[in-house]
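Protein chains in written order, with numbering that gives the first Met the number 0: chain A, 0 to 196; chain B, 0 to 620.
We treat Cβ as the ideally placed atom computed from N, Cα and C, and that holds for glycine.
Predicted, not measured: the structure shown is a model, and the values here were computed from it.
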Amino acid sequence: MNNEVTNILVVGIGGQGVMTAADILATSALSLGYDVKKTEVAGMAQRGGVVTSHVRFGPKVYSPAIQAGDADLMLAFEPAEALRWSSHLKGDGLAMVNTFAQEPPVVSIGLFDYPDEPIEKMRKMGVETHDYNAGQSAIDLGDRRLVNSIMLGAISDRLPFPAGTIENSLTARFKNKGEALLALNHQAFELGRKAFS
Amino acid sequence: MNAAEPRSADLRQFISGNEAIAQAARDAGVKVAAAYPGTPSTEILEYVSQYPDIYSEWSINEKVSLEVAIGASMAGSRALCAMKHVGMNVASDAFMTQTLVGAVGGLVIVVADDVGLSSSQNEQDSRYWGRFAHLPILEPSDAQEAYEMTRAAYGISEQFEVPVIVRLTTRICHVKGVVINSEPESHTGTGFKKDPARFVMVPGNAKNRIPMMMARDETLKSFAADTELNRIDSGSDTRVGFVTSGAAYYHVKESFPDAPVFKLGFSHPAPIESIRTFAGDVEKLVVVEEVEPLLETELRAAGVDVYGKDLLPKIGELSPAVITPPVSKLIGEAIAESELIPTAQVFPRPPTMCVACPHLGIYYCLSHVKNTIISGDIGCYTLGAGHPWNALDTTISMGASLSVAQGLDKGRAECDENKNVLAVIGDSTFLHMGMQGLLDITYNKGNVTILLLDNRAVGMTGGQDAPSSGLNLHGEQTMQVDFRKLCEALGVKPERIHEVNPYEMPILFKALRQEVKVPEPSVIITNQPCVLTERYSKLPPLKVDADKCTGCSNCLDIGCPAILVDRRETVVKPNGKEKELAFVSIDTAACTGCNLCTKPCAPDAIIPAYNVTKIDAVEIK
Numbered sequence: 000m001n002n003e004v005t006n007i008l009v010v011g012i013g014g015q016g017v018m019t020a021a022d023i024l025a026t027s028a029l030s031l032g033y034d035v036k037k038t039e040v041a042g043m044a045q046r047g048g049v050v051t052s053h054v055r056f057g058p059k060v061y062s063p064a065i066q067a068g069d070a071d072l073m074l075a076f077e078p079a080e081a082l083r084w085s086s087h088l089k090g091d092g093l094a095m096v097n098t099f100a101q102e103p104p105v106v107s108i109g110l111f112d113y114p115d116e117p118i119e120k121m122r123k124m125g126v127e128t129h130d131y132n133a134g135q136s137a138i139d140l141g142d143r144r145l146v147n148s149i150m151l152g153a154i155s156d157r158l159p160f161p162a163g164t165i166e167n168s169l170t171a172r173f174k175n176k177g178e179a180l181l182a183l184n185h186q187a188f189e190l191g192r193k194a195f196s
Numbered sequence: 000m001n002a003a004e005p006r007s008a009d010l011r012q013f014i015s016g017n018e019a020i021a022q023a024a025r026d027a028g029v030k031v032a033a034a035y036p037g038t039p040s041t042e043i044l045e046y047v048s049q050y051p052d053i054y055s056e057w058s059i060n061e062k063v064s065l066e067v068a069i070g071a072s073m074a075g076s077r078a079l080c081a082m083k084h085v086g087m088n089v090a091s092d093a094f095m096t097q098t099l100v101g102a103v104g105g106l107v108i109v110v111a112d113d114v115g116l117s118s119s120q121n122e123q124d125s126r127y128w129g130r131f132a133h134l135p136i137l138e139p140s141d142a143q144e145a146y147e148m149t150r151a152a153y154g155i156s157e158q159f160e161v162p163v164i165v166r167l168t169t170r171i172c173h174v175k176g177v178v179i180n181s182e183p184e185s186h187t188g189t190g191f192k193k194d195p196a197r198f199v200m201v202p203g204n205a206k207n208r209i210p211m212m213m214a215r216d217e218t219l220k221s222f223a224a225d226t227e228l229n230r231i232d233s234g235s236d237t238r239v240g241f242v243t244s245g246a247a248y249y250h251v252k253e254s255f256p257d258a259p260v261f262k263l264g265f266s267h268p269a270p271i272e273s274i275r276t277f278a279g280d281v282e283k284l285v286v287v288e289e290v291e292p293l294l295e296t297e298l299r300a301a302g303v304d305v306y307g308k309d310l311l312p313k314i315g316e317l318s319p320a321v322i323t324p325p326v327s328k329l330i331g332e333a334i335a336e337s338e339l340i341p342t343a344q345v346f347p348r349p350p351t352m353c354v355a356c357p358h359l360g361i362y363y364c365l366s367h368v369k370n371t372i373i374s375g376d377i378g379c380y381t382l383g384a385g386h387p388w389n390a391l392d393t394t395i396s397m398g399a400s401l402s403v404a405q406g407l408d409k410g411r412a413e414c415d416e417n418k419n420v421l422a423v424i425g426d427s428t429f430l431h432m433g434m435q436g437l438l439d440i441t442y443n444k445g446n447v448t449i450l451l452l453d454n455r456a457v458g459m460t461g462g463q464d465a466p467s468s469g470l471n472l473h474g475e476q477t478m479q480v481d482f483r484k485l486c487e488a489l490g491v492k493p494e495r496i497h498e499v500n501p502y503e504m505p506i507l508f509k510a511l512r513q514e515v516k517v518p519e520p521s522v523i524i525t526n527q528p529c530v531l532t533e534r535y536s537k538l539p540p541l542k543v544d545a546d547k548c549t550g551c552s553n554c555l556d557i558g559c560p561a562i563l564v565d566r567r568e569t570v571v572k573p574n575g576k577e578k579e580l581a582f583v584s585i586d587t588a589a590c591t592g593c594n595l596c597t598k599p600c601a602p603d604a605i606i607p608a609y610n611v612t613k614i615d616a617v618e619i620k
């Protein structure tokens, strides 16, 4: 087992499944015997606000929150949020970004601008960024909530444990929700794994 | 007590502090649990409600929930009451006298501080209540400790006949960690034993209980010195030592893993003499506490030389990033400079109202009524203070919209004579603490137009049930408040009460315009459910006919997050003035067809997304 604590930051906006994805990452690590902590501020999560979920695992985890400059991996469900939280990554940290943009009303009504080319900005800042329009793929697969499993697929080969562990957690999560939904989530997972590789 | 049931091989659960508290209540044999929803404590009672052996309820407000728990404790049973920090303010009247009565069956009050104000109107340190009411405080540092300390709290409560406060913060409530349960116990109620000298707090009796409370303080101080809930983590690097509690403990361990730490689980009354001894073993002692310098002040008063809020902030959450720099500087250690990725400037993403929320139409109307002072309240509708509506002028506390409106009316200056004073309050908040304000307005002949937004749920905390929903905590059918009758009983004239569908904006507008002109109290009740609840039925989604959209941007004034701007243009009108145009589209996958945005759309550019006409329906048939 790796002696270091692994820090994964999952970011997005309310309703995208950020917390579910973080839960699956955390329970996967737990199943391997790691100490795990997961935290988020969820008070306004259902109101379209920013959601960040911190997953930390290792032999012993103290503080639940990942500090700026300490994240090994960032799983970003929205490109502007990816840009916002980039400074939480380590210098050699890795970002997996869903490029499906979601503008908040403050942008729609013209009070603020959505950043131009957020992915390019991240790369210029020195962040190793892998990007894919997981949001559109989820819609094409029939349910935008599948973005969750696509993003889990995206990160599955970058963890200090095999991708199969995540797949098992995904199965555990969806096994009581019908064969069709379970199969669809696994399809989305595989899609993410390939698309981000 | 039953033998332990066979358990699965892995006893490690991955649960939040809130769930751990609920499990502890279950395993401690709690009989009654009561709460009013409030972030970050809401889930405690939701989890408790899954345990059939515990009677659990959503109470009307926090004071009621505490009194229910007090009654159960007087009956000799174990009781739990949970609330957010501001709820404790509401409950404090009962609380401040209950300390004189003490506990019979174990009585545990769980108070969750929203440190950092993720979803609250203020930031408070609930540890003050322990000092104020002479009650012990336990402070878990993670979910496992939340479980263990809640279990321990019942023992302490019964041993010393004292209500016990378990103080949580958001980083305990909502952090998931590994939790292992200990052996469950059963608790047999001792029954209610009449004891008026203890239970009837009239001056003659209460006076006699005060010396008991003072003596109890001393007993608890001795307990604090001996209990295993307080412990020292020895450390090899004695340049600095820490006294800390709650979530801050782990931040300290993360930042200074080799430093000695005096960890307080039983944080009040504090074991001052033990800390004094500990202080002698380290070069410098830093008190790390969220939020106020309570322990620091007590240690200083006792002559213990400590650092604390001279180094650390008195507001917001602590973290390794907050603690490390000032403490490193204190011990003369250079801070490791690492090359950080720069922080990018990105627009804010404040919480918004939901797609199709019935409040959208209400705030659209309110933002189009002139000459108003609008007094607001606590709930989703507080968001009406934001863009694009900017239609709330005050927010203070639960129920304050009505009483503050009464003051705004009675206190109006000459320059405000023509202003219309309105109050906006939700159903659950009205039942929590708003009814009194309405009675005050009617009794004292106030002139306030009240919007009672009845969406049949406690929306902001996730759509919990309330007497307005007709369902209880367990989802069982129960009575449902008739707001029209209630307002009438509180003195509003029947002809001044209107029930309006908030999606029917012209009718709502008309009712508003009519009632603000009437110089007496009136209530407009809106009657459509919260879109997060099962009561809400989605309708077919809408789209924008791009050929018809003139870019007028009227639809954006609704504030629905499903309306997006595709492009902007600036045109010069015939009078030479520039006008900003915004051509829109609708996120059809998010839209649930409430039709609010079609109302201000002059060119009728917003149309059904899917062409299901009556003719199609016949053809399909």
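With its beta carbon at least 8 Å from every one in chain A, residue 179 of chain B lies outside the interface. With respect to the C-alpha of residue 591 of chain B, the residue from B/580, B/608 and B/576 having the closest C-alpha is B/608.
Check the Cα spacing between residue 333 of chain B and each of B/146, B/56, B/115 and B/323: the tightest is with B/323.
Within the stretch 497-585 of chain B, the runs of beta strand (DSSP E) that reach at least 3 residues and sit entirely inside it are, in chain order, 521-525, 541-543, 562-571 and 577-585.
Per the DSSP secondary-structure output, residue 128 of chain A pairs in a beta bridge with A/94.
The DSSP assignment places complete beta strand (DSSP E) segments of no fewer than 3 residues inside the stretch 173-202 of chain B at 175-178, in order along the chain. If you draw a straight line from the Cα of residue 143 of chain A to the Cα of residue 392 of chain B, it comes to about 38 Å.
In the DSSP assignment, residue 55 of chain A falls within the beta strand (DSSP E) that extends over 49-57. Distance from the Cα of residue 88 of chain A is smallest, within the candidate group B/337, B/564, B/543 and B/118, for B/337. Here residue 6 of chain A is buried, its C-beta having at least 16 other C-beta atoms within 10 Å. Scanning its chain for C-beta atoms nearer than 7 Å, with the 5 sequence neighbours on each side dropped, one finds around residue 164 of chain A the residues 27, 30 and 31, in chain order. The DSSP-derived three-state label of residue 596 of chain B is helix. Taking 8 Å as the cut-off, the beta carbon of residue 83 of chain B is found closer than this to the beta carbon of residue 119 of chain B.
Judged by beta-carbon spacing, residue 430 of chain B lies within the 8 Å limit of residue 59 of chain B, meaning their Cβ atoms are closer than that value. Taken in chain order, the unbroken stretches of alpha helix (DSSP H) that lie wholly in the stretch 258-287 of chain B and span 4 residues or more are 271-278.
One Cα belongs to residue 243 of chain B, the other to residue 174 of chain B, and the distance between them is close to 19 Å.
Counting of Cβ neighbours within 10 angstroms places residue 233 of chain B among the exposed residues, the total staying below 16. Boundaries of the alpha helix (DSSP H) around residue 19 of chain B: 16-26.
Check the Cα spacing between residue 107 of chain A and each of B/552, B/595 and B/606: the tightest is with B/552. With respect to residue 589 of chain B, residue 529 of chain B sits apart: the two C-beta atoms are not nearer than 8 Å. Contact check for residue 469 of chain B and residue 477 of chain B: beta-carbon distance about 6 Å, within the 8 Å limit, so the pair qualifies. Within the stretch 161-186 of chain A, no residue has a Cβ lying closer than 9 Å to any Cβ of chain B.
With contacts defined by Cβ atoms closer than 8 Å, residue 111 of chain A and residue 105 of chain A form a contacting pair. With a cutoff of 8 Å on beta-carbon distance, residue 329 of chain B and residue 310 of chain B are scored as near each other. In this structure residue 155 of chain B is not in contact with residue 245 of chain B, their Cβ atoms being roughly 18 Å apart against a cut-off of 8 Å. Within the same chain, 460 come within 6 Å of residue 41 of chain B by CB-CB distance, once the 5 residues on both sides are set aside.
For residue 588 of chain B, the closest Cβ of chain A is nearer than 8 Å.
Counting only Cβ-Cβ distances below 7 Å, residue 114 of chain A has contacts in chain B at 345, in chain order.
Contacts with chain B (Cβ-Cβ distance below 7 Å) from the stretch 81-94 of chain A involve 82, 83, 85, 86, 88 and 90, listed in chain order. Neighbours of residue 342 of chain B across chain A, judged by C-beta separation under 7 Å: 86.
For the pair residue 274 of chain B and residue 298 of chain B, the CB atoms are nearer than the 8 Å cut-off. Distance from the CA atom of residue 473 of chain B to the CA atom of residue 48 of chain A, rounded to whole angstroms, is 29 Å.
Taking C-beta atoms as the reference points, residue 448 of chain B and residue 378 of chain B fail to come closer than 8 Å. Judged by beta-carbon spacing, residue 148 of chain A lies within the 8 Å limit of residue 184 of chain A, meaning their Cβ atoms are closer than that value.
Within the model, the alpha-carbon separation for residue 262 of chain B versus residue 251 of chain B is close to 10 Å. Per DSSP, the continuous beta strand (DSSP E) segment holding residue 57 of chain B begins and ends at 54-57.
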